[in-house]
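K.L.:
Have a look at this one.
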Amino acid sequence: MNVAVMKTKAEQAISESFEAVAEKLPGSAAVKARRAQAIGAFSGLGLPHRRIEEWKYTDLRVNVKEVLAPSVEDETPVTIAELLVALGPMAHVDGHRFVFVNGHHRAELDDVADAGGLKIAAVGELLASATEDLSATLAATPEGGDAVEALNTAFMTDGAAVRVAEGASVTKPLMIVFVRAGSQASSVTVRNFVTVEAGATATVIEAHVVLPGASPDVQLNALTEVTVGKGATLHHAKVAVDEGKALHLSNCDVTLDADATYRNFQFSAGLGLARNGLNIIFEGEGSKIDISGAYLARHSEHIDTTLVVDHAVPRCESRELFKGVIDGHGRGVFQGKIIVRPDAQKTDGKQMSQALMLTEDAEFDSKPELEIFADDVVCGHGTTAAELDPDLLFYCRSRGIPEKEARALMIESFIGEAIEKVENEPLRDALAAYAMQWLGHSPRG
Amino acid sequence: MLEIKNLHVKLADEDREILKGLSLTVPKGEVHAIMGPNGSGKSTLAYVLAGRDGYEVTDGDILWNGESLIDMEPDERAAKGVFLAFQYPMEIPGVAGLTFLRTALNSVRKKRGEAELTTPAFLKLAKEKGEKLNIDIEMLKRPVNVGFSGGEKKRSEILQMALLEPTLCVLDETDSGLDIDALRIVSEGVNALRDKDRAFVVITHYQRLLNYIVPDKVHVLADGRIQKTGGKDLALELEKSGYAEYTHKAA
Ligand SMILES: Nc1ncnc2c1ncn2[C@@H]1O[C@H](COP(=O)(O)OP(=O)(O)OP(=O)(O)O)[C@@H](O)[C@H]1O
Ligand SMILES: [Mg+2]
Numbered sequence: 001m002n003v004a005v006m007k008t009k010a011e012q013a014i015s016e017s018f019e020a021v022a023e024k025l026p027g028s029a030a031v032k033a034r035r036a037q038a039i040g041a042f043s044g045l046g047l048p049h050r051r052i053e054e055w056k057y058t059d060l061r062v063n064v065k066e067v068l069a070p071s072v073e074d075e076t077p078v079t080i081a082e083l084l085v086a087l088g089p090m091a092h093v094d095g096h097r098f099v100f101v102n103g104h105h106r107a108e109l110d111d112v113a114d115a116g117g118l119k120i121a122a123v124g125e126l127l128a129s130a131t132e133d134l135s136a137t138l139a140a141t142p143e144g145g146d147a148v149e150a151l152n153t154a155f156m157t158d159g160a161a162v163r164v165a166e167g168a169s170v171t172k173p174l175m176i177v178f179v180r181a182g183s184q185a186s187s188v189t190v191r192n193f194v195t196v197e198a199g200a201t202a203t204v205i206e207a208h209v210v211l212p213g214a215s216p217d218v219q220l221n222a223l224t225e226v227t228v229g230k231g232a233t234l235h236h237a238k239v240a241v242d243e244g245k246a247l248h249l250s251n252c253d254v255t256l257d258a259d260a261t262y263r264n265f266q267f268s269a270g271l272g273l274a275r276n277g278l279n280i281i282f283e284g285e286g287s288k289i290d291i292s293g294a295y296l297a298r299h300s301e302h303i304d305t306t307l308v309v310d311h312a313v314p315r316c317e318s319r320e321l322f323k324g325v326i327d328g329h330g331r332g333v334f335q336g337k338i339i340v341r342p343d344a345q346k347t348d349g350k351q352m353s354q355a356l357m358l359t360e361d362a363e364f365d366s367k368p369e370l371e372i373f374a375d376d377v378v379c380g381h382g383t384t385a386a387e388l389d390p391d392l393l394f395y396c397r398s399r400g401i402p403e404k405e406a407r408a409l410m411i412e413s414f415i416g417e418a419i420e421k422v423e424n425e426p427l428r429d430a431l432a433a434y435a436m437q438w439l440g441h442s443p444r445g
Numbered sequence: 446m447l448e449i450k451n452l453h454v455k456l457a458d459e460d461r462e463i464l465k466g467l468s469l470t471v472p473k474g475e476v477h478a479i480m481g482p483n484g485s486g487k488s489t490l491a492y493v494l495a496g497r498d499g500y501e502v503t504d505g506d507i508l509w510n511g512e513s514l515i516d517m518e519p520d521e522r523a524a525k526g527v528f529l530a531f532q533y534p535m536e537i538p539g540v541a542g543l544t545f546l547r548t549a550l551n552s553v554r555k556k557r558g559e560a561e562l563t564t565p566a567f568l569k570l571a572k573e574k575g576e577k578l579n580i581d582i583e584m585l586k587r588p589v590n591v592g593f594s595g596g597e598k599k600r601s602e603i604l605q606m607a608l609l610e611p612t613l614c615v616l617d618e619t620d621s622g623l624d625i626d627a628l629r630i631v632s633e634g635v636n637a638l639r640d641k642d643r644a645f646v647v648i649t650h651y652q653r654l655l656n657y658i659v660p661d662k663v664h665v666l667a668d669g670r671i672q673k674t675g676g677k678d679l680a681l682e683l684e685k686s687g688y689a690e691y692t693h694k695a696a
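Next up, the structure:
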């Protein structure tokens, strides 16, 4: 049922801005049709708001007041040296690099030589290409679908299409870097496709970073569609580090075949308003996932992690651990739904979400949901929200450690337990370094 | 010299006085033992010396080398040489023992105007001091005290003390839960630190410890005050007669 609601100024502006840029967006006729269908669906849906259960704590209709102009083309100069500065501690991750500036592929910043079984292409080019028409892969926005994903289809300019060939074992991680540059505030919409074929292994890191001096404002919409083939392994991470004002809407939709392994780590810091959506479907038996993350929120930052794990088949295992540090008036939201379908016997699912509240004004909303329709399963979830333990602080201080440092030590240890989940060591170190920077500390030598 | 003068301490969020005019003087170079019944205020005294929240000093003063400790933060006190070996050492999940020790040692050194130790220099020191207390360096790679046995926790407290080299050492029931060998090892660790510039306050329930760490004085703390002071033989007497005499006096 569609109740006619008055459109907000922002919703109006989004539709108008689509009209204005539609011609400049890449894509064959079929792609254009998909975009038109998606914006139509969005018009019906509007921006998600708190009366939609999945968006209960993150009301975009209230929070998105202005709409920034879409970045449909970009020529902001960026050098490799600047890119490395933007990557900060992640510059030490030794990997292949595929780079986008303000949502547009920048081949001169790439580093994808000798990528072995890894095939990578820019989605912008594929969309426009007549031979490799992506429109078939682009799902139509379903009735009552997700408005943010619909907007992604309507506005996407570019992204990485990654394919890891059957049986290939790609040792170096692939970093898909989205860098923001220039003083122009804009909205950026990117779409990635990551396919790991049967028996293959790879590590993919999506990094959202900012060049010093770039506009602090951005409205980002990123969607990554992941397929992990039979017996394949994908280590996936998304790192978003910003300056406190970004609107960061991200979705990751994952489908796993049998006996697959999928690990995803989400790191968020300095995001004004963030929604990290993760939708994972087990389609083959005997697969395992580990979905974890760490987020740091301060001032009035708001970080929402919304996870749906769908055990559609038997004998799969899911693990989730999310840890948030919330300072100032910051707010952390965690919604984790585990669905166990009637056939999905021997499902093993465990979920834990923890928040460390540094102030009285810090807020944490947690909504774990188990929807279990099978009887022979082991499923559990837990949530904790705690302040720093004053006894432990005293213990540290009685050993001469000043309060600020004692607090940092405790926070690091809290968040460290999540960061430990990252398998790639240089990335793990980089994330620990980000956390320390956030705490106002230089890395411990 | 430690001078505790007419110390009155109540619980911060309860109207209950725990220390009721306690006076005690411990000169540098001496070891004073404090014995007393359960709940008499021994740990409270130790915590108040170290500066733990939750207690309110309503009267009296604590002077260490002539300076009042009362308004100092716990880390400032540590920098002035105060150290408390906890009756119940805490576990810090996620913080490796070595990181904790190095952070503590370098914080204290910095406050004392000494250069921070480099990682190799620190590791060498930790290894050396650890060996004396039968603590393997591998154990210190694990999170602080997590999964340690009761005795291991107590030994790790003494290792912290040996590294930080405090000048006022307060040991709260460090002997409880130690097996016979550990008791000897810990006592040797403590005795190694005894020197003319250091003062020790050793809280214990058992005379046995005082055979190893021979005290200059023994005090009986009951009902929030020092009820009697004597030499090391007082501990032997208490072993025989118990505290009835002192608790009656208090009641
Ligand atoms: N933080 C606190 N909150 C409530 N009561 C407290 C607190 N600290 C101490 N007390 C109370 O004060 C009294 C003295 O306690 P304290 O721990 O100092 O005794 P103790 O002499 O060390 O005893 P024990 O020999 O059992 O270790 C006890 O009655 C105890 O319950
Ligand atoms: Mg006690």
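The listed protein sequences correspond, in order, to chains A and B. Take the first sequence: its letters are residues 1 to 445, numbered as in the working numbering. Take the second sequence: its letters are residues 446 to 696, numbered as in the working numbering. We put the CB at the ideal spot given by N, CA and C, even for glycine.
Ignore the nearest five residues each way along the sequence and tell me which others in residue 258 of chain A's own chain have a CB closer than 7 Å to its CB.
P.N.:
To locate residue 258 of chain A, count along the first sequence from 1; it is residue 258. Around residue 258 of chain A: 230, 284, 285, 286 and 287.
K.L.:
Give me the Cβ distance between residue 674 of chain B and residue 685 of chain B, rounded to the nearest whole Å; I'm assuming they're in contact under 8 Å.
P.N.:
Residue 674 of chain B sits at position 229 when you count from the first residue of the second sequence. Residue 685 of chain B sits at position 240 when you count from the first residue of the second sequence. That pair is no contact at about 18 Å.
K.L.:
Out of curiosity, what's the CA-to-CA distance linking residue 348 of chain A and residue 340 of chain A?
P.N.:
Taking the first residue of the first sequence as 1, we reach residue 348 of chain A at position 348. Taking the first residue of the first sequence as 1, we reach residue 340 of chain A at position 340. Taking the straight line from one Cα to the other gives about 10 Å.
K.L.:
Okay, do the segment 405 to 415 of chain A and the segment 544 to 556 of chain B touch, 3+ Cβ pairs below 8 Å being the bar?
P.N.:
Yes, the segment 405 to 415 of chain A is in contact with the segment 544 to 556 of chain B.
K.L.:
Tell me which residue opens and which closes the alpha helix (DSSP H) that residue 14 of chain A is part of.
P.N.:
Start at 1 with the first residue of the first sequence, and residue 14 of chain A comes out as number 14. Element bounds for residue 14 of chain A: 9 to 21.
K.L.:
Given the structure, does residue 398 of chain A come close to ligand 2, in the sense that its CB is under 6 Å from one of the ligand's heavy atoms?
P.N.:
In the first sequence, residue 398 of chain A corresponds to position 398, counting from 1. Because no heavy atom of ligand 2 lies under 6 Å away, the Cβ of residue 398 of chain A does not count as near it: no.
K.L.:
On a Cα-Cα basis, can you pick out the residue from B/544, B/681, B/651 and B/677 that is closest to residue 585 of chain B?
P.N.:
Along the second sequence, one-based indexing puts residue 585 of chain B at 140. Of B/544, B/681, B/651 and B/677, the residue nearest in Cα terms is B/544.
K.L.:
Are the beta-carbon atoms of residue 172 of chain A and residue 96 of chain A separated by less than 7 Å?
P.N.:
Position 172 of the first sequence holds residue 172 of chain A. Position 96 of the first sequence holds residue 96 of chain A. Yes; because the gap between Cβ atoms is below 7 Å, this pair is in contact.
K.L.:
Short of 9 Å Cβ to Cβ, which residues in the segment 480 to 511 of chain B face chain A?
P.N.:
Listed by position, the residues of the segment 480 to 511 of chain B near chain A (Cβ gap below 9 Å) are 492, 495, 496, 497, 498 and 499.
K.L.:
Could you tell me whether any Cβ in chain B is nearer than 7 Å to the Cβ of residue 215 of chain A?
P.N.:
What you label residue 215 of chain A is simply residue 215 of the first sequence in a count that begins at 1. No, its Cβ sits nowhere closer than 7 Å to a Cβ of chain B.
K.L.:
Would you say residue 392 of chain A faces chain B, with C-beta separation under 7 Å as the test?
P.N.:
Here residue 392 of chain A corresponds to residue number 392 of the first sequence, with the count starting at 1. Yes, because at least one Cβ of chain B sits closer than 7 Å to the Cβ of residue 392 of chain A.
K.L.:
Along the chain, where does the alpha helix (DSSP H) that runs through residue 473 of chain B open and close?
P.N.:
Translated into the one-based positions of the second sequence, residue 473 of chain B becomes position 28. Run containing residue 473 of chain B: none; DSSP gives neither H nor E here.
K.L.:
Kindly identify the DSSP beta-bridge partner or partners of residue 252 of chain A.
P.N.:
Taking the first sequence and counting its residues from 1, the one referred to as residue 252 of chain A is at position 252. Beta-bridge pairing links residue 252 of chain A to A/224 and A/278.
K.L.:
Which of the three DSSP states, helix, strand or coil, is assigned to residue 92 of chain A?
P.N.:
Stepping through the first sequence from its first residue, residue 92 of chain A is reached at position 92. In the structure shown, residue 92 of chain A sits in a helix (DSSP, three-state: H, G or I).
K.L.:
Against chain B, which members of the segment 409 to 424 of chain A pass a CB distance test of less than 8 Å?
P.N.:
So the close ones are 409, 410, 412, 413, 414, 416 and 417.
K.L.:
Going by DSSP, which residues form a beta bridge with residue 191 of chain A?
P.N.:
Within the first sequence, the letter at position 191 stands for residue 191 of chain A. Answer is A/223.
K.L.:
Decide if residue 12 of chain A is buried, meaning its Cβ has at least 16 other Cβ atoms within 10 Å, or exposed.
P.N.:
For the purposes of this step, residue 12 of chain A is taken as the residue at position 12 of the first sequence. With fewer than 16 Cβ atoms within 10 Å of its Cβ, residue 12 of chain A is classed as exposed.
K.L.:
Out of curiosity, what's the CA-to-CA distance linking residue 77 of chain A and residue 182 of chain A?
P.N.:
Counting from 1 along the first sequence, the entry for residue 77 of chain A is found at position 77. Counting from 1 along the first sequence, the entry for residue 182 of chain A is found at position 182. Straight-line Cα distance between these residues: approximately 8 Å.
K.L.:
Hey, could you find the ends of the beta strand (DSSP E) residue 449 of chain B is sitting in?
P.N.:
Locating residue 449 of chain B in the second sequence gives position 4, counting from the first residue. Taken as a continuous stretch (DSSP letters only), the beta strand (DSSP E) holding residue 449 of chain B covers 447 to 456.
K.L.:
To which residues does DSSP link residue 169 of chain A through a beta bridge?
P.N.:
Working through the first sequence from its first residue, we reach residue 169 of chain A at position 169. For residue 169 of chain A, which the question treats as bridged, DSSP gives the partners A/201.
K.L.:
Under 7 Å, Cβ to Cβ, is there at least one residue of chain A near residue 548 of chain B?
P.N.:
Residue numbering aside, residue 548 of chain B sits at position 103 when the second sequence is read from its first letter. Yes, residue 548 of chain B lies at the interface with chain A (some Cβ there is under 7 Å from its Cβ).
K.L.:
Which residues in chain A have a C-beta closer than 7 Å to the C-beta of residue 605 of chain B? List them in chain order.
P.N.:
Within the second sequence, the letter at position 160 stands for residue 605 of chain B. Going along chain A in sequence order, the residues near residue 605 of chain B (Cβ under 7 Å) are 399.
K.L.:
I need the straight-line Cα distance from residue 445 of chain A to residue 561 of chain B, nearest angstrom please.
P.N.:
Position 445 of the first sequence, counted from the start, is the residue given in the question as residue 445 of chain A. Position 116 of the second sequence, counted from the start, is the residue given in the question as residue 561 of chain B. Confidence at residue 445 of chain A is low in this model, with a pLDDT of 34, below 50, so the placement of that residue is unreliable and no value is reported for it.
K.L.:
Given residue 345 of chain A, which residues of its chain have a CB within under 8 Å of its CB, disregarding the five upstream and five downstream residues?
P.N.:
Mapped onto the first sequence, residue 345 of chain A falls at position 345. For residue 345 of chain A, where only same-chain residues beyond five positions count, the Cβ hits under 8 Å are 314, 315, 374, 375, 376 and 377.
K.L.:
With distances taken Cα to Cα, identify the nearest neighbour of residue 192 of chain A among A/126, A/112, A/267 and A/18.
P.N.:
Counting from 1 along the first sequence, the entry for residue 192 of chain A is found at position 192. Nearest option by C-alpha distance: A/126.
K.L.:
Express the C-alpha separation of residue 429 of chain A and residue 532 of chain B in angstroms, rounding to a whole number.
P.N.:
Against the second sequence, residue 532 of chain B aligns to sequence position 87. Against the first sequence, residue 429 of chain A aligns to sequence position 429. Between residue 532 of chain B and residue 429 of chain A, the C-alpha separation is close to 36 Å.
K.L.:
Could you name the residues of chain B that residue 403 of chain A contacts, counting a contact when the two beta carbons are closer than 8 Å?
P.N.:
For the purposes of this step, residue 403 of chain A is taken as the residue at position 403 of the first sequence. Those are 518 and 520, listed as they occur along chain B.
K.L.:
Would DSSP call residue 410 of chain A helix, strand or coil?
P.N.:
Residue numbering aside, residue 410 of chain A sits at position 410 when the first sequence is read from its first letter. In the structure shown, residue 410 of chain A sits in a helix (DSSP, three-state: H, G or I).
K.L.:
Mapping DSSP to helix, strand and coil, what is residue 175 of chain A?
P.N.:
Residue 175 of chain A sits at position 175 when you count from the first residue of the first sequence. In this structure, residue 175 of chain A counts as strand in the three-state DSSP scheme.
K.L.:
Contact criterion: CB-CB distance below 7 Å. Does residue 295 of chain A meet it with respect to chain B?
P.N.:
In the first sequence, counting from the first residue as 1, residue 295 of chain A sits at position 295. Taking Cβ atoms only, chain B never reaches closer than 7 Å to residue 295 of chain A, which makes this a no.
K.L.:
Within 7 Å (strictly less), CB to CB, does residue 695 of chain B reach chain A?
P.N.:
As a working note, residue 695 of chain B is residue 250 in the second sequence. Confidence is the limiting factor: at residue 695 of chain B the pLDDT is only 46, short of 50, which leaves the residue's position unreliable, though a coordinate-based value still follows. Not an interface residue.
K.L.:
Please write down, chain order preserved, every residue whose beta carbon lies under 5 Å from a heavy atom of ligand 1.
P.N.:
The filter returns B/463, B/483, B/484, B/485, B/486, B/487, B/488, B/489 and B/499, in chain order.
K.L.:
How would you list, in chain order, the residues of chain B whose beta-carbon sits under 8 Å from the beta-carbon of residue 434 of chain A?
P.N.:
Taking the first sequence and counting its residues from 1, the one referred to as residue 434 of chain A is at position 434. Ordered by position in chain B, no residue passes the 8 Å Cβ test against residue 434 of chain A, which lies about 17 Å from the chain.
K.L.:
Report yes or no: is there a C-beta of chain A within less than 7 Å of the C-beta of residue 601 of chain B?
P.N.:
For the purposes of this step, residue 601 of chain B is taken as residue 156 along the second sequence, with counting starting at 1. No, because no Cβ of chain A sits closer than 7 Å to the Cβ of residue 601 of chain B.
K.L.:
Under 7 Å, Cβ to Cβ, is there at least one residue of chain B near residue 57 of chain A?
P.N.:
Here the question's residue 57 of chain A lines up with position 57 in the first sequence. It does not: the Cβ of residue 57 of chain A has no partner Cβ on chain B nearer than 7 Å.
K.L.:
Beta-carbon separation of residue 57 of chain A and residue 226 of chain A under 7 Å?
P.N.:
Within the first sequence, residue 57 of chain A is the residue found at index 57, counting from 1. Within the first sequence, residue 226 of chain A is the residue found at index 226, counting from 1. Against a cut-off of 7 Å, the Cβ pair of residue 226 of chain A and residue 57 of chain A comes out as no contact.
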